[in-house]
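Written as structure tokens, this is what we have:
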């Protein structure tokens with residue numbers, strides 16, 4: 026064996042993964058290699074370059090590494106990502122990435138300098154705006170942090186003194202204490218594109234609000250909380266997006282969304298995220314809100330007691346619940362998702378502000394979007410619960426979701442849906458999660474009509490709902506379970522359910 030090894034696309038990633046799994050530092054691995062073969066042992070710096078794809082080891086060095094780590098050299102060179110490289114932990118260990126991680130090899134191609142040149146060109150070629158790309162990055166950041174932003178939480182709690190509920194007068198007093206002046210828009214027809222304007226900020230400390238919010242107290246309270254956050258977090262510098270009445274303002278510009286990277290758009294998207302987190306933490310401070318969720322068994326209807334919208338409660342729930350495996354969607358017809366959070370790794374082929382052409386009709390969020398709401402339906406409508414099995418390459422996964430149809434400030438229908446991955450909870454309570462989920466998946470595949478939930482599986486899930494203190498898990502058991510897939514084109518059912526009534 027002579028010369029350099031040119032194959033082994035995932036060699037560096039595999040080496041790094043195995044080293045970390047056996048608990049060795051780079052220095053310890055280097056020392057172990059010296060003990061085995063001092064002549065061909067890699068140094069610490071050389072090991073680092075191999076792991077990042079900047080160097081390829083000689084066959085002799087690779088043989089030493091393989092011997093120390095108990096692997097065959099061919100395992101490092103088979104050019105297929107091993108299961109050991111996948112970021113997902115099937116047991117649902119907190120802190121794991123929400124979605125499978127793809128090894129970026131050779132790593133030197135993904136250096137910051139190269140990406141800074143490549144990304145703007147990529148976005149321009151694909152018609153992606155800087156705001157949309159920033160929102161994707163923010164969503165991934167939010168998911169890897171599992172909605173944990175203690176610095177923003179502290180700032181909100183200091184401002185509101187952990188009061189809950191906060192009345193409109195109390196919020197107005199907080200705004201005044203931070204020098205924020207609130208005025209009504211003189212011309213309430215001010216618009217962003219074709220979307221009504223809800224509020225905008227004028228530096229250094231003036232908030233202009235649409236007078237229509239006088240009759241929408243929960244939304245007015247959120248706007249105050251949001252811009253109090255801007256005043257506190259960013260000193261009211263004015264670099265904050267205007268607030269439209271709906272979440273689709275990027276799609277409603279007269280000439281369509283701008284494409285390519287724009288540094289200002291990225292900054293505004295990040296500021297919007299920070300102020301949204303602040304508003305949720307101010308209106309629903311962690312400790313008292315968590316106690317309320319415990320008393321109310323995570324029922325969404327508690328939003329009425331707080332004087333906030335269901336969206337605030339649902340999004341905040343994913344951040345403060347002791348259970349960490351949540352997802353949240355805010356969807357608009359025909360298939361636009363204004364907001365996405367996937368702290369439980371639910372696989373989705375679409376992202377924020379993009380349209381899915383063939384959504385699976387069994388997803389609660391899309392089923393409700395495609396149902397025609399009553400002409401004078403109350404807002405929000407009563408929520409509904411659903412138990413869903415999703416087939417994946419690693420076996421089926423089981424989710425429970427709680428969804429409702431509501432109207433936004435522009436009187437447009439949208440669907441809010443919050444849900445959990447039940448697999449980690451089943452495992453934590455000593456159940457064989459794989460067996461329980463497989464039994465439900467089998468019942469769904471055998472059924473010609475509405476599938477019946479197997480008795481042992483139902484008992485296990487009632488226990489899970491009781492321990493988690495999430496009432497709508499038990500409510501979901503009252504409906505037939507559904508099989509869902511990312512898209513209609515990948516439907517696992519025979520015949521496919523696209524175009525027919527869904528259960």
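In my numbering, the protein residues as written are 26 to 528. Positions of the beta carbon are idealized from the N, C-alpha and C atoms, including for glycine.
Asked, Found
"Around the C-beta of residue 428, are 16 or more other C-beta atoms found within 10 angstroms, so that it is buried, or is it exposed?", "buried"
"Within the continuous beta strand (DSSP E) that includes residue 355, where are the two ends?", "351-357"
"Is it the case that the Cβ atoms of residue 354 and residue 441 are separated by a distance below 9 Å?", "yes"
"Once you ignore the five residues that flank residue 528 on each side, which residues in its own chain have a CB closer than 7 Å to its CB?", "The predicted model places residue 528 with a pLDDT of 37, which falls under 50 and marks its position as unreliable; any figure quoted below should be read in that light. Here the set comprises 475, 505 and 507."
"In the DSSP assignment, what residue or residues form a beta bridge with residue 366?", "353"
"Can you tell me whether residue 577 is buried or exposed? The criterion is at least 16 other CB atoms within 10 Å of its CB, across all chains shown.", "Here the chain has residues from 26 to 528 only, and residue 577 is not among them."
"Roughly how many angstroms separate the alpha carbons of residue 483 and residue 134, rounded to a whole number?", "49 Å"
"Mind pulling the alpha helix (DSSP H) runs of 4 or more residues that sit fully within the segment 235-313?", "242-259 and 288-308"
"So the candidates are 300, 299, 347 and 302; which of them puts its Cα closest to the Cα of residue 317?", "347"
"Within its chain, find whatever has a CB closer than 8 Å to the CB of residue 248; leave out the 5 residues flanking it on each side and keep chain order.", "223, 224, 232, 234, 238 and 268"
"Under a three-way DSSP split, which group does residue 438 fall into?", "strand"
"Go to residue 209, then tell me how far its beta strand (DSSP E) extends in each direction, as first and last residue.", "206-209"
"When the Cα atoms are used, what is the spatial distance from residue 443 to residue 153?", "27 Å"
"Identify every residue that forms a DSSP beta bridge with residue 142.", "Residue 142 pairs with nothing; no bridge assigned."
"Could you work out which residue in 297, 303 and 37 is closest to residue 187 when comparing CA atoms only?", "303"
"Would residue 312 be called buried (16 or more neighbouring beta carbons within 10 Å of its own) or exposed?", "exposed"
"Determine the direct distance from the alpha carbon of residue 345 to that of residue 101, and round the result to whole angstroms.", "42 Å"
"Tell me whether the beta-carbon of residue 288 lies closer than 9 Å to the beta-carbon of residue 261.", "no"
"In whole angstroms, give me the CA-to-CA distance for residue 77 and residue 50.", "15 Å"
"Just curious, the beta strand (DSSP E) that residue 348 is in, first and last residue?", "Where residue 348 is concerned, there is no enclosing beta strand (DSSP E), given that its DSSP letter is neither H nor E."
"Going by alpha carbons, who is nearest to residue 423 out of 434, 388 and 396?", "388"
"Counting along the chain, where does the alpha helix (DSSP H) carrying residue 392 start and finish?", "389-395"
"What does the alpha-carbon distance come out to for the pair residue 201 and residue 369?", "40 Å"
"Taking a contact to mean a Cβ-Cβ separation below 9 Å, would you say residue 205 touches residue 256 in this structure?", "yes"
"Return the CA-CA distance between residue 57 and residue 132, expressed in angstroms with no decimal places.", "25 Å"
"With distance defined between alpha-carbon atoms, name the residue in 85, 432, 53 and 63 nearest to residue 73.", "53"
"Short check: CB of residue 291 to CB of residue 174, under 9 Å?", "no"
"If you measure between the beta carbons of residue 323 and residue 497, is that distance less than 9 Å?", "yes"
"Rounded to the nearest angstrom, how far is the Cβ of residue 488 from that of residue 454, given a contact under 8 Å?", "6 Å"
"For residue 8, does the count of other Cβ atoms within 10 angstroms reach 16, so buried, or fall short, so exposed?", "Since the first and last residues shown for the chain are 26 and 528, residue 8 lies out of range."
"Run through the segment 35-67 for me and flag every whole beta strand (DSSP E) of 3 or more residues, listed as ranges in chain order.", "none"
"Comparing C-alpha positions only, which one of 299, 71 and 96 sits nearest to residue 181?", "299"
"Helix, strand or coil, according to DSSP, for residue 174 in the structure here?", "coil"
"What are the boundary residues of the alpha helix (DSSP H) that includes residue 90?", "84-94"
"Which of helix, strand or coil does DSSP assign to residue 194?", "helix"
"Given that a residue counts as buried once 16 or more other Cβ atoms are within 10 Å of its Cβ, and exposed if not, what is residue 396?", "exposed"
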